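Asks: Quick note: to get our numbering, add 1161 to the position in the sequence shown (first position is 1).
Using N, Cα and C, we set each Cβ at its ideal position, and we do this for glycine too.
All figures in this text were calculated on a predicted structure; none of them were measured in a lab.
Quick one: this structure, given as structure tokens, is what I'll be asking you about.
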Amino acid sequence: MKTIKCAIFVLAGSLLFSCSDLDLSPKDSAASGSWFQTPEQFELNLNALLHHSYWPMERNEWTSNEQTELDMLTDDGQNRSAPGRFLIDGVDGTYPLAVRMWDITYTGINRCNKIITEIKKLEGEMDPERYNRIIACARFYRACFYLRIMVHFGDPVVVPEDMDMDSEAGRQAAYELTRSDMWTVVDDMLREFDEIAPLLPVSYGGGEVERATRGAVYGMKARYALHFASIRKWDTIENGGFGDNDEAEAKRLFEQARDAAWSCMQLNAYTLHSDFGELFRMSTKHSPEGIFVIPRSKALSNNSKYQYLYGGATTAKLPRLSGAPTCTTCLPSWYLLCSFLDDQGKPIDESEVYDPHKPFEHRDPRCTYTIVEHGTQHLGVIFDPHFDVTEVYSAREGAMVTNNDSRSYRIAGNSNQYASYNGLVLKKHVDEDWLSPFEAENDKLILRYADVLLMYAEAKIELNEIDDTVLNAMNQVRARAYKVDVTATNSYPAITETDQARLRTILRFERRMEFAFENLRLYDLWRWRIAEKVLNRPWIGLPKKDEKLQRAYIDDGMWFHGAVPQVDEDGCVDFMADVAKGDPNFFRGNMYAQILAECKFVAPKSYLWPIPTTTMQVMKNIKENNPGY
């Protein structure tokens, strides 16, 4: 009977109680019960909360048949030609991504509550500094979890700290809980950050697990204050939102974001990694840019594949000639490619140097740090999806090989069936260490210093407090991309704009270029309330494996892009503006491109995910789901 009840509760979203082995691995995590007796055991429990599953932002860390990398729910990436349900409006309370997000987040909240209540039994028996640090760390994780719930689901279920979910009475009481006002809880959690920051160290010793630091608290406070400030500013009934806008409240939250980011900057504990591309390699550990980082380790995984990248998490981002058994399902989009500024700091539709037939030339360096440039070596093989390139050089074999990364009609057989849907392959994060056995241990960068700098700048821009500190913060990030010092303004397109609206546009471009495929794009679109504009556009790619179409494409000079798309003030790329639509699967006019899939974002409904259906069925006081579900 106990097993049945536990299973029901997990299916209901595991509001707070988990019977899964996630609580038991890796080696340095701890179970419940007797594992709350010594300071060391409490710290092991804290280590468990650094389990990757509690920070679900990447493909391999979900057990779902959906597109599970959050960037694949945006205009940054696409999964071949098959959007998940979220992008075709097929979402309801059974949506696996929502169920998993709700489930694992509340499991984390329960773990935090357990640590806090149990350690209070040892007050006076422990070193006060250690005691306060453990509680502060648990409170930090809990605040992050609650804020994540509110970003995705709106009004949260707040769980009393002393509710014992290990008891039958506690579990029954959980069924009686209801949702709380989101804005009240947001303020509570932001105050939580303020209270715990002084209790945490700026850094840990070399032999310690790097849990929450003071910088992480300031940085995460800035992130969430900025998120909810933006909703207060941009969400209106007029733009199809829920009407949460409140200028006074927006200002108050922007000020909190500004101050938190500034406090993080003033710690002088972080700097930008000198090489943008190097930052994301598997060999780069303990970068001075990392503020809140979860290390991956296969050696310490205790057979838990959640602790490193494996299988589809790696091979989905590899080209076919990498030798991976399955590959190129996770693709950068044409929208992302065209969103990078030119090397003069201008959008491509304003550029004097951009050539759509050579889209990687004269671009911000982050373009080729993020997307593999055509005709260059990647993972030991030349990557070139051009229809006329039937063979490429393989450095691994020391010979020319069949170009299975091209969809050319001239290549016989089915070996290139899934090659080059859109001619793009991801480079960011990926290096040769990913190859056989196709496993990786890249650090998970939850928060890095570049984000703090740009959050500080954005908060100041929205407050119309534009000064040298704003420009310096943005220019630090841009100068690093060019591998020059921020003061070398003749060596990169330094930002000098002081007009609020124009600087806002530059900031949005900057975030797009800097954080591509770091699972931040979805949250930017949500908080700026522009997702309906950005996401209601088709996924597009190269023509089908058809001789007539491909020959026309090349003979008419359409490779790689036939025309320069329009780019608006939010950095939103529009291929449709100057293109006449012919048959439903192919563009005509100035662009030859296959429509791979139609996408749909329904505002305001899709700005929140649905509460899991089973949770609605079990918890009697939750009677209504989020609007539209």
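Taking DSSP as the reference, what is the three-state secondary structure of W1770?
Replies: Locating residue 1770 in the sequence shown gives position 609, counting from the first residue. Of the three classes helix, strand and coil, the one that applies to W1770 here is coil, per DSSP.
Asks: Could you tell me the alpha carbon to alpha carbon distance between C1305 and I1280, rounded to whole angstroms?
Replies: As a first step, residue 1305 is located in the sequence shown; it is residue number 144 there, counting from the start. As a first step, residue 1280 is located in the sequence shown; it is residue number 119 there, counting from the start. When rounded, the distance between both Cα atoms is 20 angstroms.
Asks: Measure the C-alpha to C-alpha separation of E1534 and Y1365 and round it to an integer number of angstroms.
Replies: Taking the first residue of the sequence shown as position 1, residue 1534 is located at position 373. Taking the first residue of the sequence shown as position 1, residue 1365 is located at position 204. One C-alpha to the other measures close to 40 angstroms.
Asks: Taking its Cβ as the centre, do 16 or more other Cβ atoms sit within 10 Å of K1709, making it buried, or is it exposed?
Replies: If you number the sequence shown from 1, residue 1709 lands on position 548. That one is exposed.
Asks: Where does P1493 sit, in a helix, a strand or coil, going by DSSP?
Replies: One-based indexing of the sequence shown puts residue 1493 at position 332. In the structure shown, P1493 sits in a strand (DSSP, three-state: E or B).
Asks: Excluding the 5 residues flanking D1182 on each side, which residues of the same chain have their C-beta closer than 6 angstroms to its C-beta?
Replies: Stepping through the sequence shown from its first residue, residue 1182 is reached at position 21. Because D1182 sits at a pLDDT of 26, beneath the cut-off of 50, its placement in the model cannot be relied upon, and the following sentence gives the value as read from the coordinates. Nothing meets the Cβ criterion.
Asks: Please specify which runs of the alpha helix (DSSP H), each continuous and at least 4 residues long, are wholly inside the region 1303-1369, giving them in chain order.
Replies: Counting whole runs of 4 or more residues, the region 1303-1369 contains the alpha helix (DSSP H) stretches 1329-1335 and 1343-1357.
Asks: Kindly indicate the opening and closing residues of the alpha helix (DSSP H) around Q1578.
Replies: The sequence position of residue 1578 within the sequence shown is 417, counting from 1. Q1578 -> no alpha helix (DSSP H), and no H or E assigned at all.
Asks: Which residues does DSSP pair with N1206 in a beta bridge?
Replies: Position 45 of the sequence shown, counted from the start, is the residue given in the question as residue 1206. None, per the DSSP bridge assignment.
Asks: Three-state secondary structure (DSSP) at A1601?
Replies: The residue you call residue 1601 lines up with position 440 of the sequence shown. Strand at A1601.
Asks: Please list, in chain order, all residues of the same chain as W1196 whose beta carbon is under 8 angstroms from its beta carbon, the five residues on each side excluded.
Replies: For this step, residue 1196 is matched to residue 35 along the sequence shown. So the list reads Q1202, L1205 and N1206, once near-sequence residues are dropped.
Asks: Note the first and the last residue of the continuous alpha helix (DSSP H) segment covering S1424.
Replies: As a working note, residue 1424 is residue 263 in the sequence shown. Start and end: E1408 to Q1427.
Asks: Would you kindly work out how many angstroms separate the C-alpha atoms of R1609 and G1574, rounded to a whole number?
Replies: Start at 1 with the first residue of the sequence shown, and residue 1609 comes out as number 448. Start at 1 with the first residue of the sequence shown, and residue 1574 comes out as number 413. Their Cα atoms are separated by approximately 45 angstroms.
Asks: Which residues bound the beta strand (DSSP E) around Q1749?
Replies: Position 588 of the sequence shown holds residue 1749. Gln is not the amino acid found at residue 1749; the sequence shown has Arg there. Where R1749 is concerned, the enclosing beta strand (DSSP E) stretches over F1748 to G1750.
Asks: Distance check for T1774 and S1253, CA to CA, integer angstroms please.
Replies: Your numbering for residue 1253 matches position 92 in the sequence shown. Your numbering for residue 1774 matches position 613 in the sequence shown. Sequence check: residue 1253 is Asp here, not Ser. Cα to Cα, D1253 sits roughly 8 angstroms from T1774.
Asks: Could you check if H1313 is buried or exposed, using at least 16 other CB atoms within 10 Å of its CB as the buried criterion?
Replies: Residue mapping note: residue 1313 aligns to position 152 of the sequence shown, counting from 1. With 16 or more other Cβ atoms within 10 Å, it is buried.
Asks: For L1482, which residues from the same chain have a beta carbon less than 6 angstroms from its beta carbon, with the 5 sequence-adjacent residues on both sides left out?
Replies: For this step, residue 1482 is matched to residue 321 along the sequence shown. V1542, N1565 and D1566, listed in sequence order.
Asks: With a CB to CB cut of under 7 angstroms and the five nearest residues on each side skipped, what residues in its chain are close to R1641?
Replies: Residue numbering aside, residue 1641 sits at position 480 when the sequence shown is read from its first letter. Contacts found: L1433 and F1437.
Asks: Keeping to the same chain, check which residues put their C-beta closer than 7 angstroms to that of E1759; ignore five residues upstream and five downstream.
Replies: Here residue 1759 refers to the residue found at position 598 of the sequence shown. Around E1759: P1699.
Asks: Using 10 angstroms around the beta-carbon of K1282, count the other beta-carbons present and answer buried if the total reaches 16, otherwise exposed.
Replies: Here residue 1282 is taken as the residue at index 121 of the sequence shown, counted from 1. Classification for K1282: exposed.
Asks: For P1317, count the other beta carbons within 10 Å of its own beta carbon; 16 or more makes it buried, fewer makes it exposed. Which is it?
Replies: Stepping through the sequence shown from its first residue, residue 1317 is reached at position 156. Classification for P1317: buried.
Asks: Give the single residue among R1291, D1327 and G1402 whose Cα lies nearest to the Cα of R1688.
Replies: Counted from its first residue, the sequence shown places residue 1688 at position 527. Selected option, being the one with the closest Cα: G1402.
Asks: Could you tell me which residues DSSP puts in a beta bridge with W1720?
Replies: To locate residue 1720, count along the sequence shown from 1; it is residue 559. Answer is none; W1720 lacks a bridge partner.
Asks: Determine, using beta-carbon pairs with one atom in the region 1447-1461 and one in the region 1539-1557, whether at least three such pairs fall under 8 angstroms.
Replies: No contact exists between the region 1447-1461 and the region 1539-1557.
Asks: Would R1393 be called buried (16 or more neighbouring beta carbons within 10 Å of its own) or exposed?
Replies: Locating residue 1393 in the sequence shown gives position 232, where the first residue counts as 1. So R1393 ends up on the buried side.
Asks: I believe E1558 touches L1615 by the beta-carbon criterion, under 8 angstroms. Please report the beta-carbon distance rounded to the nearest angstrom.
Replies: In the sequence shown, the residue the question calls residue 1558 occupies position 397. In the sequence shown, the residue the question calls residue 1615 occupies position 454. Not a contact, Cβ separation roughly 43 angstroms.
Asks: Does DSSP classify N1240 as helix, strand or coil?
Replies: What you label residue 1240 is simply residue 79 of the sequence shown in a count that begins at 1. Here N1240 sits in strand by DSSP.
Asks: Looking at C-alpha atoms only, which residue of S1341, T1266, K1275 and L1498 is the closest neighbour of S1328?
Replies: As a working mapping, residue 1328 is identified with position 167 in the sequence shown. Among S1341, T1266, K1275 and L1498, the Cα nearest to that of S1328 is on K1275.
Asks: From the DSSP output, which residues share a beta bridge with A1560?
Replies: Here residue 1560 refers to the residue found at position 399 when the sequence shown is read from its first residue. Partner(s): S1555.
Asks: On the three-state DSSP scale, how would you describe Q1198?
Replies: Locating residue 1198 in the sequence shown gives position 37, where the first residue counts as 1. Residue state, collapsed to three classes: coil.
Asks: Are three or more beta carbon pairs between the region 1760-1780 and the region 1253-1264 nearer than 8 angstroms?
Replies: The region 1760-1780 is in contact with the region 1253-1264.
Asks: For L1338 and M1780, what's the separation of their Cα atoms in angstroms?
Replies: For the purposes of this step, residue 1338 is identified with residue 177 of the sequence shown, where counting begins at 1. For the purposes of this step, residue 1780 is identified with residue 619 of the sequence shown, where counting begins at 1. Between L1338 and M1780, the C-alpha separation is close to 7 angstroms.
Asks: D1731 and I1667 - do their beta-carbons sit closer together than 7 angstroms?
Replies: Residue mapping note: residue 1667 aligns to position 506 of the sequence shown, counting from 1. Residue mapping note: residue 1731 aligns to position 570 of the sequence shown, counting from 1. No, the Cβ-Cβ distance between I1667 and D1731 is not below 7 angstroms.
Asks: Could you pull the start and end residues of the beta strand (DSSP E) that V1725 belongs to?
Replies: For the purposes of this step, residue 1725 is identified with residue 564 of the sequence shown, where counting begins at 1. Where V1725 is concerned, there is no enclosing beta strand (DSSP E), given that its DSSP letter is neither H nor E.
Asks: So for R1294, helix, strand or coil by DSSP?
Replies: Along the sequence shown, one-based indexing puts residue 1294 at 133. Helix, per DSSP.
Asks: Just the Cα atoms here: how many angstroms apart are V1591 and Q1778?
Replies: What you label residue 1591 is simply residue 430 of the sequence shown in a count that begins at 1. What you label residue 1778 is simply residue 617 of the sequence shown in a count that begins at 1. If I take the Cα positions, the gap works out to 43 angstroms.
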